[in-house]
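Trainee:
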């Protein structure tokens, strides 16, 4: 038998398919009978060529026995084996370690009768192999793989004590909010509407009519009637209420330094529920006044002062101030220069001055302002004036902002020469009388044109908030003329009757009437300013004898105070040389119209409460 048959025994439990296949082939070769020596040799060679080669060193026995004896025992395995697969390019080494060393295998002997085996190169002594890695099993097809078990859901992480505390706190807060909301809802249902906001401008309210106080309720309200509204102290008003808002518009200015209370009784929510009284209060500031003081030897000054006269502050100074007017935010000043008049607009501190354009080079007089309309008006005459050329006493209006050009008032497409004129308070309308005696009205905020109102000799005054003028007709009668519809009624005489008034200045609650007492020969013996209530009751406020003269009387916007301009010691009080000539020494007496008491006498004239300049 060839020495090739003497192969090491295959391990009892092959670890790979290659080993299993080699074991099966070895068993088949060992059990098949050899027909002849050639056949056996051929089989040996075929077996040698087909089977993997096993070069296994003979194990060393621990008892000192030979290698043949060790191989004869079927129940023993080699302690170390090396498997070399047929594919030389892919070599896998399997090593099994034992506590016993091994020696190279002894050279095998051949049978002389057998043909010489193929000469083989002697096997090199194997190097001490390193510990082999665990062999990888052959890759199984995907279909044979066991499916991966589904991932089990991670168990929920139990809430930490901190998270639990947060959830508890959050729940507590939400619960409190729910309870508070429910409580507020219940309170609103049981208490009725409430005021959540108030808007009012007290400073504006004492200077102009039409100021508002706006109340905002916490819910929409049912319709409110004027009979439900009360203002203390009493003042006329109009009502505009819708939804949650209640607007109360005062048709006249308010008193200064006064606490006002506004109440709306029986206010009910739009959806029903209990009624409630809505009440709010506000206070107005103390009044101040502007006066002009001319100085023949120096500069003229406009100053502002409180009603005591102790806090007078100069506001604007110039060489020749002819006239000025004040709005709630601005001053309009007319300067007299050699070239003609100049018209300046500035704030109430005398700052941010700018000049308004005039219709030409000429002179300006009778300045008035419309605070609500944002207009200034004046009479204008060209410097170069003759019987055939130039404009004389035309009425001009223009914006206080200076954004537009001056507009000359026309009647019948002709520039009208104006004798006397006045702005209708709190509007942009102008009431005037031309040199022909025609009384006309034109509203600068509309394109309605000129409205004719008959004939008249003079305009005494126009009431604030009523759109009613007091005019004197050609027959000498004095009437109250409704400018809205043209109707008129005679002005009632005072009680007692002080005779025909030289001037009549209306104010909320009555009129100030300037009367002159005369002797039988017609010479004046004295003058007085009389306060006449709406019911006709007359009360003298100021009286002077024939040595003094009253030049003007006007009331504060609300009718709370009066300013009366007096020229004392008229015989020794010369006139200045201004375009509007006046005595050099003038005094303004401030009086409380409610009590009749005089507050203070101040040097100066042209009080900012007056609509027009004094006329002598």
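In my numbering, the protein residues as written are 8 to 623.
Every residue, glycine too, gets a C-beta built ideally from N, C-alpha and C.
On a predicted model such as this, the values are computed, not experimentally measured, just so you know.
Helix, strand or coil: how does DSSP classify residue 294 here?
Mentor: In the structure shown, residue 294 sits in coil (DSSP, three-state: anything other than H, G, I, E or B).
Trainee: What number of angstroms, rounded off, separates the C-alpha of residue 314 from the C-alpha of residue 569?
Mentor: 11 Å
Trainee: Taking residue 590 as part of the beta strand (DSSP E), name the residues at either end of that continuous run.
Mentor: Note, residue 590: premise wrong, no beta strand (DSSP E); not H, not E.
Trainee: Compute the distance between the beta-carbons of residue 198 and residue 281, then report whether it is under 8 Å.
Mentor: yes
Trainee: Whole angstroms is fine: what's the gap from residue 535's alpha carbon to residue 307's?
Mentor: 29 Å
Trainee: Am I right that residue 432 and residue 477 are in contact with their C-beta atoms under 8 Å? What's the rounded C-beta distance?
Mentor: Wrong, their Cβ atoms sit about 13 Å apart, outside the cutoff.
Trainee: Under the rule that 16 or more other beta-carbon atoms within 10 Å means buried, what is residue 581, buried or exposed?
Mentor: exposed
Trainee: List the residues that DSSP assigns as beta-bridge partners of residue 377.
Mentor: 382
Trainee: Helix, strand or coil for residue 110, going by three-state DSSP, please let me know.
Mentor: Annotation note: pLDDT 44 at residue 110 (below 50); position unreliable, no value reported.
Trainee: Only counting the same chain, and skipping five residues up and downstream in sequence, which positions put a Cβ closer than 7 Å to that of residue 380?
Mentor: 434, 435, 451, 452
Trainee: To which residues of the same chain is residue 418 closer than 8 Å at the C-beta, ignoring the five residues directly before and after it?
Mentor: 441, 445, 447, 457
Trainee: When you compare the CB positions of residue 551 and residue 501, do they come within less than 8 Å of one another, or not?
Mentor: no
Trainee: Compare the Cα-Cα distances from residue 601 to each of 473, 587, 506, 519 and report the closest residue.
Mentor: Check the Cα spacing between residue 601 and each of 473, 587, 506, 519: the tightest is with 519.
Trainee: Between residue 484 and residue 421, what straight-line distance do the alpha-carbon atoms span, to the nearest angstrom?
Mentor: 30 Å
Trainee: Where are the alpha helix (DSSP H) runs, 4 residues long or more, that stay fully inside the stretch 536-586, in chain order?
Mentor: For the stretch 536-586, not a single whole alpha helix (DSSP H) run of length 4 or above is found.
Trainee: Please report how far the alpha carbon of residue 319 lies from the alpha carbon of residue 299, in whole angstroms.
Mentor: 12 Å
Trainee: Suppose you measure from the CA of residue 605 to the CA of residue 546; what does that come to, to the nearest Å?
Mentor: 14 Å
Trainee: Quick one: does residue 597 have its CB under 8 Å from some CB of chain C?
Mentor: In the structure shown, chain C does not exist; there is a single protein chain.
Trainee: Considering only their Cβ atoms, is the gap separating residue 587 from residue 572 smaller than 8 Å?
Mentor: The criterion of a C-beta distance shorter than 8 Å is not satisfied by residue 572 and residue 587.
Trainee: Which residues does DSSP pair with residue 612 in a beta bridge?
Mentor: 299
Trainee: Please report the straight-line C-alpha distance between residue 256 and residue 246, rounded to a whole angstrom.
Mentor: 6 Å
Trainee: Just curious, the alpha helix (DSSP H) that residue 274 is in, first and last residue?
Mentor: DSSP places residue 274 in no alpha helix (DSSP H) but in the uninterrupted beta strand (DSSP E) bounded by 266-274.
Trainee: Measure from the alpha carbon of residue 462 to the alpha carbon of each residue in 455, 222, 486, then state which is nearest.
Mentor: 486
Trainee: Short check: CB of residue 427 to CB of residue 465, under 8 Å?
Mentor: yes
Trainee: Rounded to whole angstroms, what's the CA-CA distance from residue 200 to residue 178? Just pull it up for me.
Mentor: 31 Å
Trainee: Please report the distance separating the alpha-carbon of residue 504 from that of residue 467.
Mentor: About 18 Å.
Trainee: Can you give the Cα-Cα distance for residue 322 and residue 614, rounded to whole angstroms?
Mentor: Answer to the nearest angstrom: the Cα atoms are 14 Å apart.
Trainee: For residue 530, which residues does DSSP report across the bridge?
Mentor: For residue 530, which the question treats as bridged, DSSP gives no partner whatsoever.
Trainee: Nearest by alpha-carbon distance to residue 352: which of 384, 368, 345, 367 is it?
Mentor: 384
Trainee: Might you give, ordered along the chain, the residues of its own chain that have their beta carbon closer than 6 Å to the beta carbon of residue 480, omitting 5 neighbours on each side?
Mentor: 463
Trainee: Along the beta strand (DSSP E) that carries residue 404, what are the first and last residues, could you check?
Mentor: 401-406
Trainee: Going by C-alpha distance, which of 302, 286, 358 is nearest residue 202?
Mentor: 286
Trainee: Counting only runs that start and end within the stretch 408-466, where is the alpha helix (DSSP H) found for 4 or more residues in a row?
Mentor: Segments of the alpha helix (DSSP H) lying fully in the stretch 408-466: there are none.
Trainee: Just how far apart, CA to CA, sit residue 371 and residue 472?
Mentor: Straight-line Cα distance between these residues: approximately 29 Å.
Trainee: Should residue 509 and residue 522 be called a contact, given that it needs their Cβ atoms to be closer than 8 Å?
Mentor: yes
Trainee: Let me know the alpha helix (DSSP H) ranges lying completely inside the stretch 468-530, each 4 residues or longer, listed in chain order.
Mentor: none
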